[in-house]
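This report concerns only the one structure given below.
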Amino acid sequence: MVEQVQRVAAYAIIVRDDQILLSRLAPRVSRSELWTLPGGGLDHGEDPRDAVVREVYEETGLSVSIGETARTYSLHLPDTWRRGRRVDAHSLRIVYDGWVPLDSPKPRVVEVDGSTVDAAWKPISEVLDGTIPTVSLVQQALAAYAPRTVQRVAAYALVRRTDPVDAVLLTRISARGYHVGWWTLPGGGVDHGESPQDALAREVAEECGLTCTVGPVVAVDDVVVRGSGPTGRDEDFHGVHLVFAADVEDGEPRVVEADGTTDAVAWVPVSEIESGTRPVLDVVRSALAAR
Numbered sequence: 022m023v024e025q026v027q028r029v030a031a032y033a034i035i036v037r038d039d040q041i042l043l044s045r046l047a048p049r050v051s052r053s054e055l056w057t058l059p060g061g062g063l064d065h066g067e068d069p070r071d072a073v074v075r076e077v078y079e080e081t082g083l084s085v086s087i088g089e090t091a092r093t094y095s096l097h098l099p100d101t102w103r104r105g106r107r108v109d110a111h112s113l114r115i116v117y118d119g120w121v122p123l124d125s126p127k128p129r130v131v132e133v134d135g136s137t138v139d140a141a142w143k144p145i146s147e148v149l150d151g152t153i154p155t156v157s158l159v160q161q162a163l164a165a166y167a168p169r170t171v172q173r174v175a176a177y178a179l180v181r182r183t184d185p186v187d188a189v190l191l192t193r194i195s196a197r198g199y200h201v202g203w204w205t206l207p208g209g210g211v212d213h214g215e216s217p218q219d220a221l222a223r224e225v226a227e228e229c230g231l232t233c234t235v236g237p238v239v240a241v242d243d244v245v246v247r248g249s250g251p252t253g254r255d256e257d258f259h260g261v262h263l264v265f266a267a268d269v270e271d272g273e274p275r276v277v278e279a280d281g282t283t284d285a286v287a288w289v290p291v292s293e294i295e296s297g298t299r300p301v302l303d304v305v306r307s308a309l310a311a312r
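If you read the sequence shown in our numbering, its first letter stands for residue 22, the second for the next number, and so on.
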């Protein structure tokens with residue numbers, strides 16, 4: 022009689038822009054090149070969420086965060102070989118959405134003598150067209166995958182000065198945000214229960230180190246972006262922007278908040294924006310056009 026073997030495993034599907042994080046199976050598991058989602062079997066008594074965090078680190082060297090829900094897949098191989106013997110194998114696979122920090126190092130295998138020998142970001146297009154050989158679980162997980170939908174209301178300040186030149190106060194987006202290296206208006210998300218005016222004054226203090234006096238709304242703008250958010254999570258992001266006229270106290274602007282989505286602040290001549298020599302988000306042009 023063929024021995025019946027059942028295995029429960031937890032995996033993470035980790036997407037960044039047009040790439041997916043995969044682990045390559047060791048030759049003792051697959052003689053030919055074959056890639057899978059990072060993850061693996063649960064230890065006795067282990068929570069699946071703990072197991073997938075542990076396995077992702079062992080197989081990629083990266084610290085993963087995972088979503089609250091998961092999808093499950095079943096694979097039944099009634100006549101297969103495992104560890105040198107013929108078995109009736111049933112695998113239950115639990116797949117979580119996962120994400121890693123944007124500043125994570127290059128993935129590498131940490132576990133010694135494990136079931137994987139390599140880890141890498143791979144183009145999703147090459148996975149889908151079969152250029153990169155994968156186990157069936159990868160295709161199943163991608164077919165069901167969707168980015169997290171996020172809608173965010175934010176308040177921004179249009180602050181201008183004319184001496185010595187016509188200029189607007191702008192902040193530069195850090196590696197933790199969308200559109201890295203581009204310039205935008207100072208401001209940010211409105212917290213739950215917070216007024217837009219209070220949120221704007223708080224954000225200007227954090228991003229510019231200046232006290233802000235908030236005036237009337239001068240423009241309403243919105244944007245839809247697909248990409249990695251500040252946490253590294255793949256998002257379908259809709260931002261609704263309320264732009265207020267504002268004044269700031271005298272003083273040299275400086276970024277106060279550490280490890281945020283702003284890494285520089287400056288008075289930028291309007292001529293640089295109009296000529297296109299300074300890369301700015303559309304909200305900047307919309308605000309200037311409204312005044």
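Using N, Cα and C, we set each Cβ at its ideal position, and we do this for glycine too.
- With which residues is E278 paired in a DSSP beta bridge? The partner list for E278 (beta bridge, DSSP) is empty, contrary to what the question assumes.
- If L190 sits next to V264, beta carbons under 8 Å apart, how far is it from one beta carbon to the other, in whole angstroms? About 13 Å; that fails the 8 Å criterion.
- Message: Using only the alpha-carbon positions, how far apart do V235 and A266 sit?
- Response: The straight-line gap from Cα to Cα measures roughly 6 Å.
- Query: With a CB to CB cut of under 7 Å and the five nearest residues on each side skipped, what residues in its chain are close to E147?
  - Reply: Hits under 7 Å: I153.
- Candidates V26, I87, A72 and A196: closest to D124 by CA position: By alpha-carbon distance to D124, the top candidate from V26, I87, A72 and A196 is A196.
- Query: If we count the other Cβ atoms within 10 Å of its Cβ and call it buried at 16 or more, is S44 buried or exposed?
  - Reply: S44 comes out buried.
- Outcome for K127 when other beta-carbon atoms lying within 10 angstroms are tallied against a minimum of 16: K127 comes out exposed.
- Pull up the DSSP beta-bridge partners for T234, would you. Looking at the DSSP assignment, T234 forms a beta bridge with D268.
- Task: Would you decide whether L98 is buried or exposed? Buried here means 16 or more other CB atoms lie within 10 Å of its CB.
- Result: With fewer than 16 other Cβ atoms within 10 Å, it is exposed.
- Message: Report the CB separation of V85 from V121 in whole angstroms; it is logged as a contact under 8 Å.
- Response: With a Cβ gap of about 5 Å, V85 and V121 count as contacting.
- T170 lies in the beta strand (DSSP E); which residues open and close that run? For T170, the uninterrupted beta strand (DSSP E) segment begins and ends at R169 to L179.
- Option in V304, V245, E224 and W204 with minimal Cα separation from R173: The shortest C-alpha separation from R173 is found at V245.
- What three-state label does DSSP hand I153 in the structure shown? Secondary structure of I153 (DSSP, three-state): coil.
- My understanding is that V35 touches G119, with C-beta atoms under 8 Å, so please give their C-beta distance in whole angstroms. According to the sequence provided, residue 35 is Ile. The question's Val does not apply to it. With a Cβ gap of about 4 Å, I35 and G119 count as contacting.
- When we look at the beta-carbon of P185 and count the other beta-carbons within 10 Å, is it buried (16 or more) or exposed? Exposed, since its Cβ has fewer than 16 Cβ neighbours within 10 Å.
- Report the option in P48, V50, Y32 and R49 whose CA atom is closest to the CA atom of L42. Here the closest residue by C-alpha is Y32.
- To the nearest angstrom, report how far apart V225 and E67 are at their CA atoms. Rounded to the nearest angstrom, the two C-alpha atoms are 46 Å apart.
- Query: Taking C-alpha atoms, which residue in V289, V73 and S95 lies nearest to G88?
  - Reply: Ranking the options by Cα distance to G88, first place goes to V73.
- Message: Considering just the uninterrupted stretch of the beta strand (DSSP E) at Y94, what are its terminal residues?
- Response: From DSSP, the beta strand (DSSP E) with Y94 extends over S86 to R103.
- Whole beta strand (DSSP E) elements within the region 24–90, 3-residue minimum: With a minimum length of 3 residues, the continuous beta strand (DSSP E) runs that stay inside the region 24–90 are 24–37, 40–46 and 60–62.
- Secondary structure at D219, three-state DSSP: helix, strand or coil? DSSP, reduced to helix, strand and coil, places D219 within a helical segment of the structure shown.
- Query: Candidates A222, E278, A287 and R70: which alpha carbon is nearest D268's?
  - Reply: Selected option, being the one with the closest Cα: A222.
- To the nearest angstrom, report how far apart V50 and T101 are at their CA atoms. For V50 and T101, the gap between their C-alpha atoms comes out near 13 Å.
- Task: Specify, as a first and last residue, the run of the beta strand (DSSP E) that E287 falls within.
- Result: First, the amino acid is wrong: residue 287 is Ala here, not Glu. Residues T283 to P290.
- Under three-state DSSP, which class holds V138? Correct three-state label for V138: strand.
- Message: Counting C-beta neighbours from all protein chains within 10 Å, is the total for E80 16 or more, i.e. buried, or is it exposed?
- Response: By the 10 Å Cβ count, E80 comes out buried.
- Start and end of the beta strand (DSSP E) containing A110? R106 to W120 is the extent of the beta strand (DSSP E) around A110.
- Considering only C-alpha positions, which residue in the set D109, A47 and A175 is nearest to G214? When each option's Cα is compared against that of G214, the closest is A175.
- Item | Chain-order list of residues whose beta-carbon lies under 6 Å from that of H65 (same chain, five-residue window excluded) | So no residue of the chain qualifies.
- Thinking just about the alpha-carbon of each residue, which of S292, A178 and W204 is nearest to the one in L302? Proximity to L302 across S292, A178 and W204 peaks at W204, based on C-alpha coordinates.
- How about V286 and P300: do their beta carbons lie closer than 7 Å? Between V286 and P300, the CB-CB gap reaches or exceeds 7 Å.
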